[in-house]
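J.: I have a structure here, written as structure tokens, and I will follow up with some questions on it.
Chains as they are written, first to last, in the numbering used here: chain A, 1 to 254; chain B, 255 to 929.
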């Protein structure tokens, strides 16, 4: 079953006084199946973040459509968008985006509280997730007291506590050292195995090599895609590297 | 590096941070201006030509002293804000290769530029606007206007020296701050998270307790003298308590709310409560300062406005009749006999005739005055100074019934052991009053009556006892042996329709007559009082107090505005990132705005609320203090207090509107950068 369907997505940025315009996304088409773990790769400036913002409903496409569970994002009223995001999507950002005014626990509760979940249920929902992510000990701490990897795991907990249809991750390993990166990627693989659909935007080959499918974006278009099939992480890593080399070479020839 | 680089960097630093520096410079200019105006007015020769010109320079000099002290404190406070923001930039310079010495030079240039703008601008404005304030002062004290344009050299020099010194101090402080921090930490400083505010229960609770105690003291004060004695203690307590409550108490309250899980984990409370704790931690001191400044302005304005507009009242309380002559007689030399008094009356009437003075409703009255203590229903004459026992200290004035009747025109009757009681400044519930061997049944309590103006200026309350047998009553107390005298006196008072000059002439002539005393009049001392000759003094004193209050209020208000503005700006910078995250996690823009709005509103109303509360509890206090200025008009005081508070609230709201725009523009500006 398809969870996400992206058709002919185009996004043009125009400067405020109608001067030069930049085409961030040209023509993006792809779909994501339920339970899939998809990585989107591309260089800086390839339009990855723009794509993610549109998928999240934070930005509007110039043309084209995004369907989540068959529902067109454009049809959702501006005022309902935040609630829609809260109920259907989970986010993990490069910069963690934890609120420093909250303890780790309260940061994770945030979407639930916003959704009006009664206080009695909160603890029961957090417990298994915290245990799985290994952050049970950190719950009472504040963001400034914990490491980057720990912050990112807390952010993941916040993203999945609402049981979202789709987990969106924007360069989740971008601000982590290699040890923390490995740990986090294990977390992602783990929640993917439990059936969570994940869409990760990254330019780290290592991060992408854990995914089930890798899409390559270049100049605002899906340029290529790779399926894991029966490959191991290392074999996929090699294939991604090769594809990137071709991609780069192709880019230089063009 | 060429020597021109430093001034250029300094200038760029100022212009690039316009949002921070412009208000600071404006405040500096304003403060220099006010200091110059106060100093120049205090030393102005024009004052000498004013009525009551002797007290004014003193009051104004006092004002400029307050002004200078405030300038030091306040500029230090706001400058710390600037330096915190600039630290990052200096960190960058440092990494790019500028040593601490170079940074010091940039700082020095910056300070010189700011000092130059402030002092030159402020004094220029002060000279330009000085005349305006002079006109205001002249208007307030009913003086005559002189339209010459003057520049006061000494005032300008003093202002310059004062502010050069302040800027030098600011420079040293900034230097220490910049040199102490290391560059890498500087650059990181804004990225690293902030520790959650800790609730300091002891301080928070202490704040409420101290405030409660101060309020209790304020409302339970009975005597003006007590008010004076504990005034500074109570004010100090209120200031300390305000800071404690705003800094610790508010955080503690938020923490307590967070502990209540059912309350805390609700959409409407979750974000507000937790961010309020941070907001109060960062802004508690600023808000407390705003609150204190607001209270000062309110107390100052309401009391001086009351004094100024009630000056005729005060004057009338102090001088119930236009003119009065009082003779006092020594203990054993007599003089209270009708023969002696007739001589005095004759002398006075001669002078009235000689001056052709118009006389309306004249009366004369005998009285005896004792200082002592009132314990229950017994009055005993003081053995020693009553000053230390001010809750019991009273003055007792005994009046003969016939004289009282003559004075007020009221037909009252008394049996031999009965008396009428009158004491406007205290409540007396006993059925009788004992003086010496005598006990008088209180037949009734009389309302306040004019006649003894000098008593109203006393800090102890005076009891008037109207008795049927004057000599017996006086003798009952006279026999109590103390070293404090009995003052037995006779006074002759009247109103007059004659112009002020004629009344003042009478005062002079009367005093001349007594000095000659050719007619063998027996007396120990005499007093001649004229309301006309004292009116100018009252107007001068109260007027310049009023003027000073207006000037200082402007300055304090400007300070409150600036703190409010900086608070909004710093919150704007801190909130922009949070605004962004919350949106992604699923809060709608309207939700966020609503939440922030309600927080800002609460933060904004808190100082006003507390200022109002302080003012309310200070009210009995102010009322008692004003009694020392002969002003007992409660209605006028309530009126001026309410009006002052209303005007202040409107003004404050206006400023809030304007400054919150800058807040929103920062938050919104950040959003555009991100997309």
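Glycine included, C-beta positions come from ideal geometry on N, C-alpha and C.
Once the 5 residues before and after residue 372/B are set aside, which same chain residues still bring their CB inside 6 Å of it?
T.: Here residue 372/B refers to the residue found at position 118 when the second chain is read from its first residue. For residue 372/B, where only same-chain residues beyond five positions count, the Cβ hits under 6 Å are 282, 283, 286.
J.: Which runs of the beta strand (DSSP E), 3 residues or longer, sit entirely within the segment 89 to 134 of chain A?
T.: The segment 89 to 134 of chain A contains these whole beta strand (DSSP E) runs: 89 to 92.
J.: By the three-class DSSP mapping on this structure, what secondary structure does residue 739/B have?
T.: Locating residue 739/B in the second chain gives position 485, counting from the first residue. Note: residue 739/B maps to coil in three-state DSSP.
J.: Put residue 824/B into one of helix, strand or coil per three-state DSSP.
T.: Here residue 824/B refers to the residue found at position 570 of the second chain. In the structure shown, residue 824/B sits in a helix (DSSP, three-state: H, G or I).
J.: Is the Cβ of residue 219/A closer than 8 Å to any Cβ of chain B?
T.: Taking the first chain and counting its residues from 1, one reaches residue 219/A at position 219. Not one chain B Cβ lies under 8 Å of residue 219/A.
J.: For residue 231/A, which residues in the same chain have their Cβ closer than 8 Å to its Cβ, ignoring the five residues on either side in sequence?
T.: In the first chain, residue 231/A corresponds to position 231, counting from 1. Correct list, in chain order: 239.
J.: Smallest Cα separation from residue 264/A: which of 339/B, 635/B, 838/B, 734/B?
T.: Residue numbering for chain A in the displayed model covers 1 to 254; residue 264/A lies beyond these limits and cannot be assessed.
J.: Apart from the five residues on each side of it in sequence, which residues of its chain come closer than 7 Å, Cβ to Cβ, to residue 930/B?
T.: Because chain B spans 255 through 929 in this model, residue 930/B falls outside it and cannot be assessed.
J.: At a CB-CB cut-off below 9 Å, which residues of chain B make contact with residue 109/A?
T.: Residue 109/A sits at position 109 when you count from the first residue of the first chain. Near residue 109/A (Cβ distances below 9 Å), the residues of chain B are 519, 524.
J.: Under 8 Å between C-beta atoms, does residue 837/B make it to chain A?
T.: Indexing the second chain from 1 puts residue 837/B at position 583. Residue 837/B counts as touching chain A.
J.: Going along chain A in order, which residues have a C-beta closer than 8 Å to the C-beta of residue 515/B?
T.: Position 261 of the second chain, counted from the start, is the residue given in the question as residue 515/B. Under the 8 Å cutoff, chain A gives 119.
J.: Quick test of the definition: if touching needs 3 or more C-beta pairs under 8 Å, does the segment 75 to 86 of chain A touch the segment 829 to 847 of chain B?
T.: Yes, the segment 75 to 86 of chain A is in contact with the segment 829 to 847 of chain B.
J.: In the DSSP assignment, find the unbroken beta strand (DSSP E) run with residue 137/A in it and report its ends.
T.: As a first step, residue 137/A is located in the first chain; it is residue number 137 there, counting from the start. That residue, residue 137/A, is in no beta strand (DSSP E); it is neither H nor E in DSSP.
J.: For residue 921/B and chain A, any beta-carbon pair shorter than 8 Å?
T.: Looking up residue 921/B in the second chain gives position 667. No, residue 921/B does not count as interfacial toward chain A.
J.: Sort 864/B, 914/B, 879/B, 393/B by Cα distance to residue 549/B and report the nearest one.
T.: For the purposes of this step, residue 549/B is taken as residue 295 along the second chain, with counting starting at 1. Considering only alpha carbons, the answer is 864/B.
J.: Please tell me whether residue 70/A and residue 10/A are closer than 8 Å, where the distance is taken between their beta carbons.
T.: Along the first chain, one-based indexing puts residue 70/A at 70. Along the first chain, one-based indexing puts residue 10/A at 10. Contact flag unset, no.
J.: When DSSP builds the beta bridges, which residues end up paired with residue 781/B?
T.: As a first step, residue 781/B must be located in the second chain, where it is residue number 527. Bridge partners of residue 781/B: 580/B.
J.: Can you pull the chain A residues whose beta carbon is under 7 Å from the beta carbon of residue 532/B, in chain order?
T.: Position 278 of the second chain, counting from 1, holds the residue named residue 532/B. Those within 7 Å of residue 532/B in chain A are 101.
J.: Helix or strand or just coil, what does DSSP make of residue 11/A?
T.: Taking the first chain and counting its residues from 1, one reaches residue 11/A at position 11. Looking at residue 11/A - three-state DSSP - the assignment turns out to be strand.
J.: Per DSSP, what are the beta-bridge partners of residue 624/B in this structure?
T.: Stepping through the second chain from its first residue, residue 624/B is reached at position 370. Residue 624/B pairs with 650/B.
J.: For residue 252/A, which three-state DSSP category applies?
T.: For the purposes of this step, residue 252/A is taken as residue 252 along the first chain, with counting starting at 1. Confidence is the limiting factor: at residue 252/A the pLDDT is only 49, short of 50, which leaves the residue's position unreliable and the question unanswerable from this model.
J.: Can you tell me the Cα-Cα spacing of residue 87/A and residue 262/B, whole angstroms?
T.: As a working note, residue 87/A is residue 87 in the first chain. As a working note, residue 262/B is residue 8 in the second chain. Near 54 Å, if we compare the C-alpha coordinates of residue 262/B and residue 87/A.
J.: For chain B, find out if any of its Cβ atoms is closer than 8 Å to the Cβ of residue 83/A; answer yes or no.
T.: Residue 83/A sits at position 83 when you count from the first residue of the first chain. It does: the Cβ of residue 83/A has a partner Cβ on chain B nearer than 8 Å.
J.: Please return the same chain residues whose Cβ sits closer than 6 Å to the Cβ of residue 443/B, not counting the five positions on each side in sequence.
T.: Position 189 of the second chain, counted from the start, is the residue given in the question as residue 443/B. For residue 443/B, the predicted structure reports a pLDDT of 49, less than 50, and the residue's modelled location is therefore unreliable. A value from the coordinates is still provided. Excluding residues within five positions, none has a Cβ falling inside 6 Å.
J.: Note down, one range per segment and in chain order, each alpha helix (DSSP H) of at least 4 residues found wholly within the segment 44 to 86 of chain A.
T.: Entirely contained in the segment 44 to 86 of chain A, the alpha helix (DSSP H) runs reaching 4 residues are, in chain order, 48 to 55.
J.: When you measure from the CB of residue 129/A to every non-hydrogen atom of the ligand NAP, does any distance come out below 7 Å?
T.: Ligands displayed in this structure: none; no statement on the ligand NAP is therefore possible.
J.: Just to make sure I have the definition right: I need the residues of chain B whose C-beta is within less than 7 Å of the C-beta of residue 139/A. Which are they?
T.: Position 139 of the first chain, counted from the start, is the residue given in the question as residue 139/A. Residues of chain B passing the Cβ test: none, with the nearest at roughly 14 Å.
J.: With residue 331/B as the anchor, note down where its alpha helix (DSSP H) starts and where it stops.
T.: By 1-based counting over the second chain, the position of residue 331/B is 77. Segment 309 to 349, the alpha helix (DSSP H) holding residue 331/B.
J.: On the three-state DSSP scale, how would you describe residue 697/B?
T.: Taking the first residue of the second chain as position 1, residue 697/B is located at position 443. Strand at residue 697/B.
J.: Using DSSP's beta-bridge definition, name the partner residues of residue 657/B.
T.: If you number the second chain from 1, residue 657/B lands on position 403. Partner(s): none; residue 657/B has no beta bridge.
J.: Do residue 891/B and residue 560/B have their C-beta atoms within less than 8 Å of each other?
T.: Stepping through the second chain from its first residue, residue 891/B is reached at position 637. Stepping through the second chain from its first residue, residue 560/B is reached at position 306. It is a contact, given that the beta carbons lie within the stated cut-off.
J.: Within its chain, find whatever has a CB closer than 8 Å to the CB of residue 445/B; leave out the 5 residues flanking it on each side and keep chain order.
T.: As a first step, residue 445/B must be located in the second chain, where it is residue number 191. Only weak support is given to the placement of residue 445/B: the predicted model assigns it a pLDDT of 48, under 50, and the question is left unresolved by the model.
J.: According to the neighbour-count rule (16 or more other Cβ atoms, all chains shown, within 10 Å of its Cβ), is residue 420/B buried or exposed?
T.: Along the second chain, one-based indexing puts residue 420/B at 166. It counts as buried.
J.: To the nearest angstrom, report how far apart residue 827/B and residue 921/B are at their CA atoms.
T.: Here residue 827/B refers to the residue found at position 573 when the second chain is read from its first residue. Here residue 921/B refers to the residue found at position 667 when the second chain is read from its first residue. The straight-line gap from Cα to Cα measures roughly 7 Å.
J.: Hey, is residue 47/A's beta-carbon within less than 8 Å of any beta-carbon in chain B?
T.: Working through the first chain from its first residue, we reach residue 47/A at position 47. No, residue 47/A does not count as interfacial toward chain B.
J.: Would you verify that the beta carbon of residue 11/A is, or is not, closer than 8 Å to some beta carbon of chain B?
T.: By one-based count along the first chain, residue 11/A stands at place 11. Not one chain B Cβ lies under 8 Å of residue 11/A.
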